[in-house]
Each structure stands twice: as C-alpha cells, then as structure tokens.
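Colleague: Protein chains in written order, with my numbering: chain A, 1 to 291; chain B, 1 to 291; chain C, 1 to 371; chain D, 1 to 371.
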Amino acid sequence: MAVIIDENTRVIVQGATGKQGSFHLGQMVAYGSKVVGGISPGKGGQEVEGVPVFDTVAEAVEKVRPDASIIFIPSQGVKDAAFEAIDAGIKTVVIITEHVPVHDEMAIMALAKERGTIVLGPNTFGIVSPGKCKMGIMPNAVFNTPGNVGVVARSGTLSYEIVFNLSNAGVGQSTVVGLGGDRVVGLSFVDVLKMFEADPGTEAVVLVGEIGGNAEEVASQYIKEMTKPVVAFLAGKSAPPGKRMGHAGAIIERGKGTFASKAEALTAAGAKVAGLPWQVPQLIQESLGRK
Amino acid sequence: MAVIIDENTRVIVQGATGKQGSFHLGQMVAYGSKVVGGISPGKGGQEVEGVPVFDTVAEAVEKVRPDASIIFIPSQGVKDAAFEAIDAGIKTVVIITEHVPVHDEMAIMALAKERGTIVLGPNTFGIVSPGKCKMGIMPNAVFNTPGNVGVVARSGTLSYEIVFNLSNAGVGQSTVVGLGGDRVVGLSFVDVLKMFEADPGTEAVVLVGEIGGNAEEVASQYIKEMTKPVVAFLAGKSAPPGKRMGHAGAIIERGKGTFASKAEALTAAGAKVAGLPWQVPQLIQESLGRK
Amino acid sequence: MKMFEFMAKDIFGQNGIPVPQGRVAYSADEAAQVAREIGGPVVIKSQVLTGGRGKAGGIKFADTPEEAKQAAEVLLQSEIRGLKIEQVLVVEKIKIEKEIYVAIALDGAARKPLVIASTHGGMDIEEVPEEHLVKYYLDINIGIMPYVSREITRQMGVRGEIAKQIQGVLQKMWQVFKAYDAELAEINPLVISGDKIIAADGKMTVDDEADFRWPQGTPYVEERTEVEKKAHELGISYVELDGDIGVMANGAGITMATLDIIQHFGGAAKNFMDAGGGSSMEATAKALEILISTKPKAILANIFGGITRCDDVAMAFAKVKESIGIPVPVVIRLVGTNQDEGVRILKEIGIDAYSRVDEAVAKAVELARQA
Amino acid sequence: MKMFEFMAKDIFGQNGIPVPQGRVAYSADEAAQVAREIGGPVVIKSQVLTGGRGKAGGIKFADTPEEAKQAAEVLLQSEIRGLKIEQVLVVEKIKIEKEIYVAIALDGAARKPLVIASTHGGMDIEEVPEEHLVKYYLDINIGIMPYVSREITRQMGVRGEIAKQIQGVLQKMWQVFKAYDAELAEINPLVISGDKIIAADGKMTVDDEADFRWPQGTPYVEERTEVEKKAHELGISYVELDGDIGVMANGAGITMATLDIIQHFGGAAKNFMDAGGGSSMEATAKALEILISTKPKAILANIFGGITRCDDVAMAFAKVKESIGIPVPVVIRLVGTNQDEGVRILKEIGIDAYSRVDEAVAKAVELARQA
C-alpha cells in the first residue's frame, strides 16, 4: 500500500517536450510509472519516449483518462498549467517548477481547494511510492526500496540523503512525499501524516523538516493523536537567526520557527528527533521494534 | 411543510434602514416572519420596528444566528451585499433589487455555487410559505392561504395574479417561490421543482413561465420524471418575435423560447398549460382530483 | 445596449485585436477621405443596428476614393430594415482565405459566459450545424486564460501559427467582455489572410445596468425611440407595438399576460408598458401621460396593487384627467392594496374600475373597436 | 524584496491612500529644499531596510529648512544596525492623535493573505497582545471588498467617519498588494489627525519571483551584497556567514543540514550556498569560482547526485583547478548518479572523494583548523 499514488496511477507530464520534461518523462517511464501522455501545446500527435503527446490536458483526459499530472513548465506559465490540470478534473497535481510567484501559488491553491485537488509543490522533488510509481525528479536508483516507512519532507536533496540512509540500513518506504519548499504549497505535514496514519501499508513515519515557519509545530499537535511512531529529522540547528536560507520558508521570525521550538514541540508530541542524517534509520528501527 | 423557508427560518434584512428595506422589514414582521436583525453599516445598535440593527452580516451571524438574508440595497451595492451574506455563511439569500449588472450576477452565482448557498433573484418578489414565513415584497393580504400547491414563478405581479386566482378558488399554497426576472438568477425552475417533488407538504405545482430563454423547455425534461402534477401558466403568447443578442443569442436558443415551443414541451412532459390566468385554479383542481 | 460595428472595432483594436485599417465616416466626402488615407481598395459598410446587412445590399466595394464617395452617397440615403443609415465604416479590403467565427455570449441559463467558435464563420453562421460549433462555458473567476484558449482552438481543429493568433484574440476578447460588462462580444468573420488573422467585423452588446461603472460616460450610443427614451428615464420598460390599445400594468410578466388576454378577446395592444412595482402617484401619472402621447384608441390599465397602492394609481388618473385631460376611453382593472379607496376615487372622475381582468380587457377591446 | 519607505509611500499615494506631503532626499541640501517646499515643521527619516529605526535615533525633527539640513547632514553620515543611510525621507510633521496599525501579509501556512489590524499601532506593535489584534484571512478571489473592510473596522471597534476612511485605505491596500505581488503591505502608524487619517509610515515587501510581470523594470531596488548578486544571477542561493569553511551543496535543505554537520564536528561555515538541483558543469564551475573568491580556509562540497551528475561536478572542479587554480584544500562528498566516473576524475586531479557525509565533513573541519 501507499498514499496518493500507486501502481494504478495514470500519469501525464505537462511540458513533455521541454528539456527537463522530456528527460524526467523518460526517467519516470524507466522507473515503471504508468505515464499515459505528455502535454505540449502545438505538438499533439508527436511521441516522447513512446508516450503520446497531446495539445491540452482536456484532450488527454478525453483520450487516456489520467489521474495525475506532473508539471515541468517555466515559472511564468505554472499558474496557467496548474489551472489547466485542475480545471480538467485531474485529482493529483505535482508542480516541480521553482521560482513561482507566491500570488500565483495562492491562486492555484484556492482553485485546488474549491475543486478538491491534491497539489504537491511548487518547488517539490515530487512523490514516489517505491516500486510502484514515481512522479518527480528524484534519482531512480535511490528510491527503489519498497517498505513500510512513510517519508514526508519539505526539501528535496535532503530527503534523498535521509532515504539513502534508510535504504542502506534496509528500511524500505511506502511513499516518499515532497511537500515543496515554497512558503505556499498544496499540502501540509498534517495532511500527509493523516494519510500515512490511515494507510495500512505504512507502519512508521519520517518527517523531514527544517527551521522557519511553524509547520513542524502544527504537525506536533497532530502527532500526539497518531498511533504510528514518528521520527523527525530537522535541518537548520546551526543557522543564525534572521538570515534567508534560500528556501523562502526558512526565515526565522520573532523566535518562532527555531530548531529548539520545533524539537521541543515534536519531542513533547512523542516523536523522536534527529539532528544528523545517520541517526534516522536507527531511531526508526527502535520505534518499530518497540511498537 | 414548505420548501426553502418555514416557521423556523431566522431572517435578516440587508439595507434595513433604507426606505424600501425598513418598509418591508415592517411588513415581514407584520406577516409573522422571524426577523432577527437588520444590517446597516454605521447604524449598528439602532432598532427598526423593534428589530436590532447590526453593522455587518458577520456581526449578526455572531449575535443572532440568522439562516436567511433578504437584500434591499441599490443595484451598485448588490454584489458587495450578496458576497457579504454568502461569505458569512448565510444559506439562503433573497435579492429583491432590480437593475443589477449581469456580470455582478454571474459573480454572485459563482460564489453561491462554491459555497452551497441558495440565491433567489436578483429582481425577485421573494419567497413566501403562507402562514409561516415571508421574505419578499408581495402583499401580505394576497399570500395568506396555506395549502398544498407549490408555485414557482419568474415574475412578480403575474404570480400575485395567479395566487390571487388560486386562493379565491380555495386552493392554498405550500410555498410560492420567485426565481427573479433577470437573465441570470440563482435558481432554475428545475431546482425548485425538485424541492417541491421532495416536499411532503406539496401535492401539485404551478409553474408560472413566460417566453424567452429556454428555462421552461429545460423544466419539461424534469417534469417528465415527476410524480406530482404540474400546471404551467405561460405569458407572452401574443408577443412579436423578440430582440435577439446577435448570432450568439440565436445559436444559444436555436428555435427555443417561443410560446409554441414551450407549450409543446410542457404538454409533452405531461403538464397542463394555461394561457389565461383564470384557467389555472381549474386545471390544478382537475389534476389533484384525478390523482 | 448594442454598439455600432465601428465602436466595437475601435474597442477591439485598442485592446490589441487586429482590425482592418479605416474608420467611420458621416458623409460621402469623409468616406472618400478615409479611402484616400487607406490608399487601396476599400469596403464601405452601413452602420445600422440590425443583422442581415450584407444580404440587404448595405455593404459596397470601391477601388478608388471617387468610387468610395459614390458608394457612401448611395448608402447614406438608404435604409436597412427601416433603419436610416447615418454613418458608414470605410475599411481596407481584406483578402479572405477563410472565415472564422468567435463570440463570447452571456448564457443566462448556465449563469456563465459561453464561448462559441467555429471554422465555418461568415454570413451563414446561424445555419452551421451543431457539430461544427465549439461551445465552451467559462468560469467567471478564470475567464479565458491561455489554456482555455488553447483548448478552444484544439476543439475547433485549428493548429499551428494561426491557432496561436486565435488564442491571443480569444484572451483579449475576454478582457474586453469583462471590462465593458458585455453581454456579447462577437467577431464574424475573423478572417485568415495569408499568415495573419484580422477581425473583419465585430459586434458588441453591453449591459446598460452597468452604466454606473462609466462615470465619464458610456462608450456607446442609445438606440431607443423618443418615447422609449422618455420611458427609460422614468425607469419604465416600454416597447412600441402595432395595435391600438394603450396598455399599462405593473410588472413585466403581468404586462405580457395582459397583452395575451387582449389578443384572446380579439384586440391588439399599441405598446408594452411595465410601469414597475412600487410606483408612486407621480410616476404613474407620468407613465399615463406617455401613454396618452402615443394616441391610442383606448387605454387599459391592469393594476394589481401590492407595493403599488390602488389609491395612488386612481389619484394619478384623476390628476392627469384634470391637468391635460384623457382624450380616449379608459378601462381600469384595480385590485389589491387600498382597493376600495381607489375604486371610489375613480368613480368620482367617471371611470369604472373592474376587479376581474377578463371583464376589464373585454371592455377595453370593445371600446377600441368602437373608436 | 523589501522596498524603502519612500517607495512604499509613493506607491500608496499613487493608489489613493492619503500620505504626508514630502519626498526622498539624497543630500542635506536637497533635504532643506524639500523642507522649504513643505513650508512648516518636518520629519527627517533615515531610509534603511531594517526595523527599530526610531529607537536607534534614525528619525529627527526640524522646524526650519536650516534645521532640516543639519539633521539630514548628521543622518547621512550615520549607520543603523550596520546599514549606511544613503537617503532620507523628508515629510510634513503630522499631528498624531491616535496610531492605527494595518497590514496585509502573506500567511504561507494558510495559503492566504492575512489582514492584521489594531487600534494599538505605533512603535510597539510587536508587543501588542493578541486580543488587541484583528486577524482576518482573505479569499484571494474576493480580496478586500467593501464589506470585508467594514467587518475589519467593526472588529477593530472603530466607528463613524474615521471607520469609513480606514475602510477606503484597506480596499486600496488590497489593490496595491495584488498589483505589486506583495508579500507584505503595511502602514504603521496610520495616524488619526483631526477628522482625517494619513499613512505616516509604510512598508512593502514584494515577491521578486514575479519580476517578470514588470517588463519595464521592477519598482524597487536590490538589497544584496556583490557576491550575493553574482550568485543570484546564476540562480544560486547564497548567504554570507561568519565561519571559515566554504560550503557548496545542491538543495537548500541539504545545505542547511551540511552546516549543522559542520557545527556538529566543531567547525563553522563561511557561507550558505545552494547550487540547486540539476546544475550543469558550467554552472557548478561558476559557483565554485564564487566560493574561491570569498577566500575560505577550506572548501567542502556535499553533492548528492540526482539530476546533478557526479561526473559533471568532478569535471567542474577539474576545469576550475586548471584555469584559475583552487588555492585552498578541497573536500568532496560525492554520491549518486555517475558516482564512479566522478570519483575517478577527482582522483586524477588529486582530490579524494568521500561517500559518507560525516567523514567528509570531519575532514573539512580538520583542514580548516590546520590552515
């Protein structure tokens, strides 16, 4: 079992003929994801990696009944592409693109909420249910260990590091979910924790957080209610206050969002907190063993 | 029994201190409607006809828990007033005002749909469940005969005429619903016919229609499925062919909208069609007797 | 409120939609001048607010300014469907390879704007079968974003560079539709000429209820008769008809029903006049004066008093009778609020009031026939 | 991207929000000139992109142009929190009866704009207890329509004519917030002075990701150091820190984690550099050159190859070493896509690659300490 996507998910790729889009389309096909179509205005009728290209999402919906779309479109066109996918009735939309204006992000999330669409990103590495379906840009080789640990993360390469450590220690994953690194993204930690809590295929959860914002503190409130163990990795322990760390979300404001406040809230909620990547597999194994 | 409003409906009046609003607030109180508040920005704390006035709908929601709002606001302010009511969670909004721009009406209906709000009007005489609750501008004396016939109408005074004929013939009404006379209004005939079909207190329905548009033709499709008898009154038999909205109007209507097309569709659906007001009570009595 | 083609063309052009070179002319000399500025073959198009202009001979072609002058001269002395031609639009002649139809119209039943588009544009668009028409309902909060325009051209079956240009036109039409509170924005034909498209004819109808959004004045002209204008200023709906009975009622539906009842009894109404609900004595008196000014053979008032009070209506008749007189027979049906007082007042000035509408109408028809 | 107060003031003023008379001055003479134009007591306000300016002595008062000149002279030679004052805003002195706070801010967690308002405005707004703050989440499709502004002033407990004026300001702030892709639009204080209100100080932060919507140039200035600007142009996130190890990683989260691991081993990073995922050989080489230019004691690269290919990274190091040289010790952790090839290339140029991050970081800390 897995959350959001699995072996039956029918995936389309928006921006399928661009450099990024076509490369990752190929990678997803190679991974084994059911990629049923690519979207590229004006290029309908062509093929990319054996996958048919359509002019619009609506055309793809008509012809190949997709469930989910992944967007590789330059930031200026993301609002249009996301609206297109949501408006066409796609129920899971993954937005890889970074540098999307935050007003566009708010507009996308408002429409998604109205239509009941799940959005991952913008600025996410995507989502992968190992062995079943990958929608994202993560390296195939690192995400090939199916198992029963759910991972939810804000940032990309950091979660590769964590998953690398987990897999090397023989701890497989049910689904690895990238929320996206921007201040406005579609899902929160709590949204995904609820899915993992409900998923019979998930027995423990790794939350990969970082300083800034209060998402980890809010998640702690929900973790208290969870029956499944949670291990949290937090980045940013060494960061000086107030500096902008690339992720817009990592601005420390008024003493909130610090490493200490997050670690404290998570620990109080019963989660184990790791500050160094190699501590995570051990804590997970302890949690699962004890349970 | 009745549809949309009944003896428990808690009503507020937007524009309560204006000439129209205060007059009709008084008339509704006199009718016996539960008017729990009036709204008039800057006049919160005052009273009108013994009813407390609030500055905003949100304040009234906080203090007197209204279910429904009736709007007497000049046309330029209707979009704002309707958004205020819908956004505050009011579930039934009656807009009396005429001359509302049609783009504003489209915006109101889009929000109402998103929020699950029932809108009557704009440009409606309102709605009355005789003996229980009146939200509208119809004369109290004419709408005082409770009974088991539902009435749904596009236009005001014409429905007074029909109800006058019904009541004089001893045929009481469950609810009389005014959809509103504008091209864009909140409910369609079908919406209200479905409510009457489901209402145990309604045994037959009078549909008061007129030429133009295709609302009556669309209603006919649903009437076919109804178990309750329908009598339709249609105005406009003598009207010359109407002014059209360019080619697009002609394309939208495609031969619909005439008296003949409406009468034919309704008759085919099993409804009895009256072209003169005094024929309605007789047709209803026949329908109920035969049933 | 309809706009003349030249107005729609100006608005489209200002908003980035390609339109033909040229402008409106109010005289033959001016038409020649415009043709001279264009410097090539031109089309001279009558500006009237009715369809079927092409088939009625309202469009002429000219190769020289002199020919343009002659053509304009003829048109400016003609009528189309009873409407005098007061101006012509003189534009460059476009080489037509293909005619496209695109429109955004208000669809009341759907409560949404509807895009209608077809590659079978041109004069016979109304006869184009359904399968050649693309219909796309717009979300008012989304409008025509680029993806919407792409889906429309895909459904039209247009591809390549021309598709991109049509997408641009559609997006701009939405901006216009929204900014002008339009009920209709239509381009027919949108001409494909070489590798370019051009809006060869445009139509716009805007919602005059939104006039208040134009504090500097509305960007269109009125198209009412004098009587209709006067009625409009009073907030009264008024339409001229062909019969002889002047009719006044309060409410559009009941006014229409009254006309039906007149026809039922063999008569014919001279007008449709909805004096509105809640009219005051003064407003009713003014409405009656308008009615009298149209010289009907009889006047029929069908008043169902609700907000409108019967005594106010009766007083209005009394006042008008005293001031300017009512030179034709009057029949009044009067029921509802303050009915007894109203009937009493009418009796004093020698008018019988009826409570049954059938009796009142039958009487009015009889009186008109005798007149 | 933060704007200077004088820029926010101009934008607010252009959009109909009442602002004090006056403008920015870049010299003491210019400040005197502005004071002369105002013709009364003025306030001279340092323009720096940091808070707490008032408490730091960055605001001065003057009754005459001469006093204004002197005050500006002092300020233009000072710093606030390490930031040089390069311009001052000279505005009329407003009689303050009451200070209101109003702001529209982006709330990332709610995915919505949030209005924060209080009748307890002024310098200590951050200490105002929750119960005196009104918080109102906006629907992005609705924004601040009149009714929203009325509800906000009601919750603030403001009534009468002043309430109406605040409502107008709120509606206009929303227009500004939207038009400028703002993350924050703040007025503090919004001063009540007699029967008028006036925005005595304004702040705006806009989203530089939306720069593309300003084809004529953005309406604000950059606030980056030279190195940060250079990095920004390469699409790299770069922040200067206080340590001595130059750090490069691909991804913000892993870069932050790398800094934590450095601290764990007793070292300190000289910078935060997220070279991004999917960097090409050329981009990585340029990032490395920037790193070298900051003269660290050692360089640590933590590369988890995904889209980024390990051989590309190794090639970049080889290229830079050959062209400009790498004058300090280098430690590289290299795993993922094309790892073996990358390790081989590095070996050729005498750099050892690690696959475990802890070992790599420990080595880098040691090398920096020895340097």
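Don't be surprised by glycine CBs; every beta carbon is placed ideally from N, CA and C.
Verify the CB distance criterion: does C:Arg333 have a CB-CB separation below 8 Å to chain A?
Modeller: The sequence position of residue 333 of chain C within the third sequence is 333, counting from 1. Any Cβ of chain A closer than 8 Å to the Cβ of C:Arg333 would place that residue at the interface, and such an atom is absent.
Colleague: If you drop the 5 nearest sequence neighbours on each side, which residues of the same chain put their C-beta closer than 8 Å to that of A:Phe126?
Modeller: Taking the first residue of the first sequence as position 1, residue 126 of chain A is located at position 126. With the sequence shown as reference, residue 126 of chain A is identified as Gly, and Phe is not the correct amino acid for it. If we look at A:Gly126 and ignore the five residues flanking it on each side, its Cβ neighbours are Ile70, Val94, Ile96, Leu120, Lys134, Met135, Gly136, Ile137, Met138, Gly178.
Colleague: For the alpha helix (DSSP H) containing C:Ile11, name the first residue and the last one.
Modeller: Indexing the third sequence from 1 puts residue 11 of chain C at position 11. From DSSP, the alpha helix (DSSP H) with C:Ile11 extends over 5-14.
Colleague: Among the residues of its own chain, which have a CB less than 6 Å from the CB of A:Lys272, if the five just before and after it don't count?
Modeller: Along the first sequence, one-based indexing puts residue 272 of chain A at 272. So the qualifying residues of the chain are Val231, Leu283.
Colleague: Could you confirm whether any beta carbon from chain D is found closer than 8 Å to the beta carbon of A:Lys365?
Modeller: Residue numbering for chain A in the displayed model covers 1 to 291; residue 365 of chain A lies beyond these limits and cannot be assessed.
Colleague: Expressed to the nearest angstrom, what Euclidean distance is found between the alpha-carbon atoms of A:Pro130 and A:Asp55?
Modeller: On the first sequence, residue 130 of chain A is found 130 positions in, with the first residue counted as 1. On the first sequence, residue 55 of chain A is found 55 positions in, with the first residue counted as 1. Each residue's Cα considered, the two are about 30 Å apart.
Colleague: Spatial neighbours of D:Gly266 within its chain, please: C-beta separation below 7 Å, excluding the five flanking residues on both sides.
Modeller: Residue mapping note: residue 266 of chain D aligns to position 266 of the fourth sequence, counting from 1. Answer for D:Gly266: Val365, listed in chain order.
Colleague: When you compare the CB of D:Tyr137 with every CB in chain B, is at least one pair closer than 8 Å?
Modeller: Here residue 137 of chain D corresponds to residue number 137 of the fourth sequence, with the count starting at 1. Taking Cβ atoms only, chain B never reaches closer than 8 Å to D:Tyr137, which makes this a no.
Colleague: Taking the continuous beta strand (DSSP E) assigned at A:Ile211, which residues delimit it?
Modeller: As a position in the first sequence, residue 211 of chain A is number 211, starting the count at 1. No beta strand (DSSP E) holds A:Ile211; DSSP gives it neither H nor E.
Colleague: Put A:Ser69 into one of helix, strand or coil per three-state DSSP.
Modeller: Position 69 of the first sequence, counted from the start, is the residue given in the question as residue 69 of chain A. Residue state, collapsed to three classes: strand.
Colleague: Tell me the DSSP secondary structure of C:Lys55 in three-state form.
Modeller: Along the third sequence, read from residue 1 onward, the residue named residue 55 of chain C stands at position 55. In the structure shown, C:Lys55 sits in coil (DSSP, three-state: anything other than H, G, I, E or B).
Colleague: Check the Cβ of A:Gly21 against every Cβ in chain C and list those closer than 8 Å, keeping chain order.
Modeller: Position 21 of the first sequence, counted from the first residue, corresponds to residue 21 of chain A. Within chain C, no C-beta atom comes less than 8 Å from the C-beta of A:Gly21; the nearest is roughly 16 Å away.
Colleague: If you run the structure through DSSP and keep just helix, strand and coil, what is A:Glu49?
Modeller: Within the first sequence, the letter at position 49 stands for residue 49 of chain A. A:Glu49 falls in the coil class under three-state DSSP.
Colleague: What's the gap between the Cα of A:Glu197 and the Cα of A:Gly150?
Modeller: Within the first sequence, numbered from 1, the residue matching residue 197 of chain A stands at position 197. Within the first sequence, numbered from 1, the residue matching residue 150 of chain A stands at position 150. Using only the alpha carbons, I get a separation of about 9 Å.
Colleague: Does B:Ile118 get closer than 8 Å to chain C when you measure Cβ to Cβ?
Modeller: For the purposes of this step, residue 118 of chain B is taken as residue 118 along the second sequence, with counting starting at 1. Closer than 8 Å: no.
Colleague: Is D:Pro20 closer than 8 Å to D:Lys142 when the C-beta atoms are compared?
Modeller: Here residue 142 of chain D refers to the residue found at position 142 when the fourth sequence is read from its first residue. Here residue 20 of chain D refers to the residue found at position 20 when the fourth sequence is read from its first residue. Before going further, note that residue 142 of chain D is Ile rather than Lys in the sequence given. Taking 8 Å as the Cβ cut-off, D:Ile142 and D:Pro20 do not qualify as a contacting pair.
Colleague: Leaving aside the five residues before and after C:Ala353 along the sequence, list all residues of the same chain whose C-beta is less than 6 Å from its C-beta, in chain order.
Modeller: Locating residue 353 of chain C in the third sequence gives position 353, where the first residue counts as 1. Answer for C:Ala353: Ile332, Leu334, Val343, Leu346, listed in chain order.
Colleague: Of all the options B:Gly186, B:Asn165, B:Ser238, B:Glu216, which has the alpha carbon lying nearest to the alpha carbon of B:Gln279?
Modeller: For the purposes of this step, residue 279 of chain B is taken as the residue at position 279 of the second sequence. The option with the nearest alpha carbon to B:Gln279 is B:Asn165.
Colleague: Does the Cβ of D:Val158 have 16 or more other Cβ atoms within 10 Å, making it buried, or fewer, making it exposed?
Modeller: Residue numbering aside, residue 158 of chain D sits at position 158 when the fourth sequence is read from its first letter. Buried.
Colleague: Ordered along the chain, which non-local residues of its own chain (more than five positions away) have a Cβ less than 7 Å from that of B:Phe259?
Modeller: The residue given as residue 259 of chain B occupies position 259 in the second sequence. The residues are Ile211, Leu234, Gly236, Lys237.
Colleague: I need the straight-line Cα distance from D:Val239 to A:Asn140, nearest angstrom please.
Modeller: By 1-based counting over the fourth sequence, the position of residue 239 of chain D is 239. By 1-based counting over the first sequence, the position of residue 140 of chain A is 140. Using only the alpha carbons, I get a separation of about 31 Å.
Colleague: Straight-line CA distance for D:Arg369 to D:Phe61?
Modeller: Reading the fourth sequence from its first residue, position 369 is the one you call residue 369 of chain D. Reading the fourth sequence from its first residue, position 61 is the one you call residue 61 of chain D. One C-alpha to the other measures close to 51 Å.
Colleague: Compare the C-beta of A:Asp191 with all C-beta atoms of chain C and state if any pair is closer than 8 Å.
Modeller: Here the question's residue 191 of chain A lines up with position 191 in the first sequence. Residue-level contact by beta carbon fails for A:Asp191 and chain C, as no gap is shorter than 8 Å.
Colleague: In its own chain, which residues sit with a C-beta less than 8 Å from the C-beta of A:Arg65, not counting the 5 before and 5 after it?
Modeller: Here residue 65 of chain A refers to the residue found at position 65 when the first sequence is read from its first residue. The answer, listed in chain order, is Arg10, Val36.
Colleague: Please report the straight-line C-alpha distance between A:Met245 and D:Ser237, rounded to a whole angstrom.
Modeller: In the first sequence, counting from the first residue as 1, residue 245 of chain A sits at position 245. In the fourth sequence, counting from the first residue as 1, residue 237 of chain D sits at position 237. Any reading at A:Met245 needs caution, since the residue's pLDDT is 40, under 50, leaving its predicted position unreliable; the model's value is listed next. Roughly 7 Å separates the two Cα atoms.
Colleague: Once DSSP output is grouped into helix, strand and coil, what is the label at D:Tyr180?
Modeller: As a first step, residue 180 of chain D must be located in the fourth sequence, where it is residue number 180. If DSSP states are grouped into helix, strand and coil, D:Tyr180 belongs with coil.
Colleague: Relative to the C-alpha of A:Ala112, which candidate in A:Lys132, A:Gly89, A:Asn123, A:Thr124 has its C-alpha closest?
Modeller: Counting from one through the first sequence, the residue named residue 112 of chain A turns up at place 112. The residue with the shortest Cα to Cα distance from A:Ala112 is A:Gly89.
Colleague: Could you have a look at A:Gly292 and say whether DSSP puts it in helix, strand or coil?
Modeller: Because residue 292 of chain A is not part of the residues shown, which for chain A are 1 to 291, the question remains open.
Colleague: How would you call C:Lys9, buried or exposed, if buried means at least 16 neighbouring beta carbons within 10 angstroms?
Modeller: Taking the third sequence and counting its residues from 1, the one referred to as residue 9 of chain C is at position 9. By the neighbour-count rule (16 or more Cβ atoms within 10 Å), C:Lys9 is buried.
Colleague: Which residues in the same chain as B:Leu158 place their Cβ atom closer than 7 Å to its Cβ, once the five residues preceding and following it in sequence are excluded?
Modeller: In the second sequence, counting from the first residue as 1, residue 158 of chain B sits at position 158. Counting only Cβ-Cβ distances below 7 Å, and skipping sequence neighbours, we find Val208, Ala235.
Colleague: Span of the beta strand (DSSP E) holding B:Arg10?
Modeller: The residue labelled residue 10 of chain B in the question sits at position 10 within the second sequence. Here the beta strand (DSSP E) through B:Arg10 covers 10-14.
Colleague: Pick from B:Asp182, B:Asn144, B:Ile162: whose alpha carbon is nearest that of C:Val357?
Modeller: Counted from its first residue, the third sequence places residue 357 of chain C at position 357. Proximity to C:Val357 across B:Asp182, B:Asn144, B:Ile162 peaks at B:Ile162, based on C-alpha coordinates.
Colleague: Check each candidate in D:Lys135, D:Lys98, D:Ile166, D:Asp139 and name the one with the smallest Cα separation from D:Arg150.
Modeller: Here residue 150 of chain D is taken as the residue at index 150 of the fourth sequence, counted from 1. Closest in C-alpha terms to D:Arg150, from the list D:Lys135, D:Lys98, D:Ile166, D:Asp139, comes D:Ile166.
Colleague: What's the call for C:Phe212, buried or exposed, on a 16-neighbour Cβ count within 10 Å?
Modeller: Start at 1 with the first residue of the third sequence, and residue 212 of chain C comes out as number 212. Exposed: under 16 other Cβ atoms inside 10 Å.
Colleague: Give the interface partners of B:Phe83 over in chain D, defined as CB-CB distance under 8 Å, in chain order.
Modeller: As a position in the second sequence, residue 83 of chain B is number 83, starting the count at 1. In chain order: Ile142, Met145, Tyr147.
Colleague: Which residues in chain C sit within 8 Å of A:Gly42, going by Cβ to Cβ distance?
Modeller: Within the first sequence, the letter at position 42 stands for residue 42 of chain A. Neighbours of A:Gly42 on chain C, chain order: Arg159, Gly160, Ala163, Lys164.
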